[in-house]
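Position one of the sequence shown corresponds to residue 1 (full-length UniProt numbering), numbered consecutively onward. Ideal placement from N, C-alpha and C gives every residue a C-beta, glycine not left out. Values in this document were obtained by computation on a predicted structure and should not be read as measured data.
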Amino acid sequence: MSQMLQSMFIFEPTTAVPAPITVLGLDCGRPRDLAGLPAYARSLVLEADVICGGRALLEELTGQRCPPDHHPDREHDSAATTDVAAAAPQGTPLSGAAAAALPSLDAAAAPPPVLTARLLPLTTPLENVLARLSQLRAMGERVLVLADGDPLLFGIGATLVRLLGEEAVRLLPAVSSLQQACARLALPWHKVICLSLHGRDDLGPLNAAAGKNAPLCVLTDARTTPDVLARHLLDRGVDWFDAHVFERMGAPDEAVHHLSMAAAAGRNFGPACTLILTPREASRRPCLGLNSEELAVERGLISKKPVRAAALALLRIAPRHVVWDIGAGSGAVALEAAVLAHEGRVVAVERSAGRAMSIQENRRRFGVAILDVRLGEAPECLPALPDPQRVFIGGGLSGEDGEDILGHVCHRLPVGGRVVASCVLLETLCLCRRFFERLGWPVEIEQIAAAEGRPLGGDVHLAAMNPVFLLAAQKPEPGAPAPVRAV
Numbered sequence: 001m002s003q004m005l006q007s008m009f010i011f012e013p014t015t016a017v018p019a020p021i022t023v024l025g026l027d028c029g030r031p032r033d034l035a036g037l038p039a040y041a042r043s044l045v046l047e048a049d050v051i052c053g054g055r056a057l058l059e060e061l062t063g064q065r066c067p068p069d070h071h072p073d074r075e076h077d078s079a080a081t082t083d084v085a086a087a088a089p090q091g092t093p094l095s096g097a098a099a100a101a102l103p104s105l106d107a108a109a110a111p112p113p114v115l116t117a118r119l120l121p122l123t124t125p126l127e128n129v130l131a132r133l134s135q136l137r138a139m140g141e142r143v144l145v146l147a148d149g150d151p152l153l154f155g156i157g158a159t160l161v162r163l164l165g166e167e168a169v170r171l172l173p174a175v176s177s178l179q180q181a182c183a184r185l186a187l188p189w190h191k192v193i194c195l196s197l198h199g200r201d202d203l204g205p206l207n208a209a210a211g212k213n214a215p216l217c218v219l220t221d222a223r224t225t226p227d228v229l230a231r232h233l234l235d236r237g238v239d240w241f242d243a244h245v246f247e248r249m250g251a252p253d254e255a256v257h258h259l260s261m262a263a264a265a266g267r268n269f270g271p272a273c274t275l276i277l278t279p280r281e282a283s284r285r286p287c288l289g290l291n292s293e294e295l296a297v298e299r300g301l302i303s304k305k306p307v308r309a310a311a312l313a314l315l316r317i318a319p320r321h322v323v324w325d326i327g328a329g330s331g332a333v334a335l336e337a338a339v340l341a342h343e344g345r346v347v348a349v350e351r352s353a354g355r356a357m358s359i360q361e362n363r364r365r366f367g368v369a370i371l372d373v374r375l376g377e378a379p380e381c382l383p384a385l386p387d388p389q390r391v392f393i394g395g396g397l398s399g400e401d402g403e404d405i406l407g408h409v410c411h412r413l414p415v416g417g418r419v420v421a422s423c424v425l426l427e428t429l430c431l432c433r434r435f436f437e438r439l440g441w442p443v444e445i446e447q448i449a450a451a452e453g454r455p456l457g458g459d460v461h462l463a464a465m466n467p468v469f470l471l472a473a474q475k476p477e478p479g480a481p482a483p484v485r486a487v
């Protein structure tokens, strides 16, 4: 966060320590109007000076529509940042149904309860609204923030604590959608991996979690509905889950569906579902040292096992790394890299449509959800890829674009990032070595000259494989001495 944005949360201290902002979780399994709240929550609502929350929660609480969204970033629109009272009139009466449902010792004499709090819809940009809440707290206002379920489960609670500090926030959780769904399934929720895809385009966390042999809980939105996610996973060979979809959980028109992945992919679900995926069988994951017979291979274009083993050792892949495999062929290196980068992402780049289809088929066979396949020419297709920490180049360096590919890779790698190039031709090895010498990067060069046993005359003989050179380079710190190892 920039210094200017951080300064929005700093105010002159007052003589008394202001009360913390209260974040109140609301149970999705009960009404959210004032009559449906438990007594402690009702007291907080009635005592608050300012109530902030999503538009839907505020409307459920008051039984009235919230005013249109404000955009505090616009030059002449200051209503949401300078005058919270403009968001809603002070003294908002409850709807007739909510007021009638409240218990009273003397219904004839007791007036209907009135919300005296001003309402502040939680809109974007979020930082502006939170800065306003912090300012109101510093002024001595009693600030209440409404949240769904547990505010610390992908909710506003974590953001408030991060920006304002633990001492400035009091958290009162309710039962979360994760707990509600797991209770329906008699599923211990401490064993569940929970993900939120609300407002997120990146399905990488879902892909990584799909290979962990654990139940998953996914909080979806209008773009990442359960049917979209089921089709996405099935396309990558992930078919070992059963899907349990909870639509409008806790509402009168709640719907629960228990489906296979294929059946879920064929349905149309609404937004804001809770999706539980329970493994029906163990996930299929490749192991290191794949045999060519296990893979779809076009015209024998596959790196030999000894070369793959040495290349992966030189790459030094960690679990959360993003790995590129350029000139991926059948995708054997990419598949084995995915075993090591099992919480990260692997991207296989291949210019041949036929070979790209082979990689997709191999991904499906082994259910490697974290493997992305990109059909395109390097270096033209590389700018669209996520920044890597490790890059394997299995082909394409012998052409006229060889140095351009190396240049783009080196530019995108972070300090400490590693690239390994597989070179069959001496000319390609020399090109790579000269390139990294000019950059001053330290390099390692290994020759892999292996042989494999084959039957011959009732015995076994060793058939030599074509030798392959592997050149590994690591991006140094700026200005650091980087001697090149002599060859």
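Item	Value
Proximity to E444 [Cα-Cα], best of A450, E452, R434 and Q135	R434
Closest by C-alpha distance to G54, when choosing among E293, L385, E141 and I156	I156
Residue span of the beta strand (DSSP E) that contains G455, given as start and end	Going by the sequence as given, residue 455 is Pro instead of Gly. From DSSP, the beta strand (DSSP E) with P455 extends over A451 to L456.
Sequence-distant residues of its chain with Cβ nearer than 8 angstroms to A186 (five each side left out)	none
Classification of residue 527 by the beta-carbon crowding that lies within 10 angstroms, buried from 16 upward	Examination of residue 527 is not possible in this model, given that the chain is present from 1 through 487 alone.
CB contact flag (L429, F366, <8 angstroms)	no
Residue span of the alpha helix (DSSP H) that contains V333, given as start and end	A332 to L340
Closest Cα partner of P151 within the set H190, L171 and D387	L171
Under 8 angstroms between C-beta atoms of G149 and A174	yes
Test item: CB-CB of residue 491 and L206 under 8 angstroms	For the chain, the structure presents residues 1 to 487; residue 491 sits outside this window and is missing.
Residues near S2 by beta carbon distance below 7 angstroms, same chain, minus five either side	Below a pLDDT of 50, predicted positions are generally treated as unreliable, and S2, at 48, falls in that range; the measurement from the model is reported next regardless. Answer for S2: no residue qualifies.
Integer-rounded CB distance, given that P388 should sit under 8 angstroms from L425	Not a contact, Cβ separation roughly 25 angstroms.
Residue burial classification, Q179 (beta-carbon count within 10 angstroms, cutoff 16)	buried
Buried or exposed (CB count within 10 angstroms, at least 16 for buried), P121	buried
Backbone secondary structure at Q474 - three-state DSSP	strand
Assigned exposure category for H321 - 16 Cβ within 10 Å defines buried	buried
Sub-8 angstroms separation of L136 and I51 beta-carbons	no
For P388, three-class secondary structure by DSSP	coil
Neighbour-count burial assignment, N362, 16 or more Cβ in a 10 Å radius	buried
Buried versus exposed, by CB contacts within 10 Å (16 or more), A19	exposed
Where A222 falls: helix, strand or coil (DSSP)	coil
Delimiting residues of the alpha helix (DSSP H) encompassing F246	It is not in any alpha helix (DSSP H) - F246 instead sits in the beta strand (DSSP E) that spans F241 to E247.
Straight-line Cα distance separating I326 from P125	39 angstroms
Whether S330 touches S358 by CB criterion (8 angstroms)	yes
Whole-Å CB distance - C28 paired with G250, under 8 angstroms assumed	4 angstroms
Local conformation of A359 per DSSP, three classes	What sits at residue 359 in the sequence shown is Ile, not Ala. DSSP places I359 in helix when its eight states are reduced to three.
Residues that DSSP places opposite C52 in a beta bridge	L120 and V145
Assigned secondary structure, W441 (DSSP; H/G/I helix, E/B strand, else coil)	coil
Rounded separation between T81 and L26 - CA only	Here T81 scores only 37 on pLDDT, less than 50, and its place in the model is too uncertain to base an answer on.
Strand pairing of S260, partner residues [DSSP]	D242
Status (buried if at least 16 other CB within 10 Å, exposed otherwise) for G237	buried
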